[in-house]
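Counting in the numbering used here, the sequence shown runs from 158 upward without gaps. Each residue gets a CB set at the ideal place from its N, CA and C atoms; glycine is no exception. All values reported here derive from a predicted model rather than from experimental measurement. Encoded as structure tokens, the structure appears first; notes follow it.
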Amino acid sequence: MGLNSEIIRIIYTAVIEPIMMYASNTWAPATELEMIRSALSSLQRGFAIKICRAYRTVSLTSAMILAGLLPLDLRIREALYKAKGLSMDYLPPEKS
158 MGLNSEIIRI IYTAVIEPIM MYASNTWAPA TELEMIRSAL SSLQRGFAIK
208 ICRAYRTVSL TSAMILAGLL PLDLRIREAL YKAKGLSMDY LPPEKS
């Protein structure tokens, strides 16, 4: 039977994500490296699959969407922007 998927989500958001986000402002530029993004994605994929109770053959993107999680590299970049007081406007302005 295992743990309820909501309990796994709580464990991820309350324990795993804060550990990975700790001092992320200092190593945020390293998320540009494919090796770092791959390691973060690998960790997050396992939890996303357990949260949405999918088969292990499901893609990372699908598992993340179904689990309702944001990629860690984006969360780290968001924390860096907040710390530096930079704008987080990712979308271009609408043309009228």
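Should T183 and I233 be called a contact, given that it needs their Cβ atoms to be closer than 8 Å?
For this step, residue 183 is matched to residue 26 along the sequence shown. For this step, residue 233 is matched to residue 76 along the sequence shown. Taking a C-beta distance under 8 Å as the contact criterion, T183 and I233 do not qualify as a contact pair.
Along the alpha helix (DSSP H) that carries E189, what are the first and last residues, could you check?
On the sequence shown, position 32 is the one that residue 189 refers to. Per DSSP, E189 lies in no alpha helix (DSSP H) segment and is marked neither H nor E.
Nearest by alpha-carbon distance to I165: which of L197, R210 and A236 is it?
Reading the sequence shown from its first residue, position 8 is the one you call residue 165. Of the candidates L197, R210 and A236, the one whose C-alpha sits nearest the C-alpha of I165 is R210.
Using the three-state DSSP reduction, which class does G225 fall into: helix, strand or coil?
Numbered from 1 along the sequence shown, position 68 holds the residue referred to as residue 225. When DSSP states are grouped into helix, strand and coil, G225 belongs to the coil group.
Considering only residues of the same chain and omitting the five flanking positions on each side of T170, which have a CB-CB separation below 8 Å?
Residue 170 sits at position 13 when you count from the first residue of the sequence shown. Taking T170 as the centre and dropping the five residues before and after it, the same chain places no C-beta closer than 8 Å to its C-beta.
What's the C-alpha gap between E235 and G159?
Translated into positions along the sequence shown, residue 235 becomes position 78. Translated into positions along the sequence shown, residue 159 becomes position 2. So the two alpha carbons sit approximately 33 Å from each other.
For L243, the three-state DSSP class (helix, strand or coil)
Locating residue 243 in the sequence shown gives position 86, where the first residue counts as 1. Of the three classes helix, strand and coil, the one that applies to L243 here is coil, per DSSP.
Alpha-carbon spacing of Y238 relative to S244, whole angstroms
For this step, residue 238 is matched to residue 81 along the sequence shown. For this step, residue 244 is matched to residue 87 along the sequence shown. S244 has its alpha-carbon roughly 7 Å from the corresponding atom of Y238.
Ordered along the chain, which non-local residues of its own chain (more than five positions away) have a Cβ less than 7 Å from that of L248?
Here the question's residue 248 lines up with position 91 in the sequence shown. Annotation note: pLDDT 49 at L248 (below 50); position unreliable, coordinate value reported separately. Around L248, the same chain offers no residue with a beta carbon nearer than 7 Å, after the five sequence neighbours per side are excluded.
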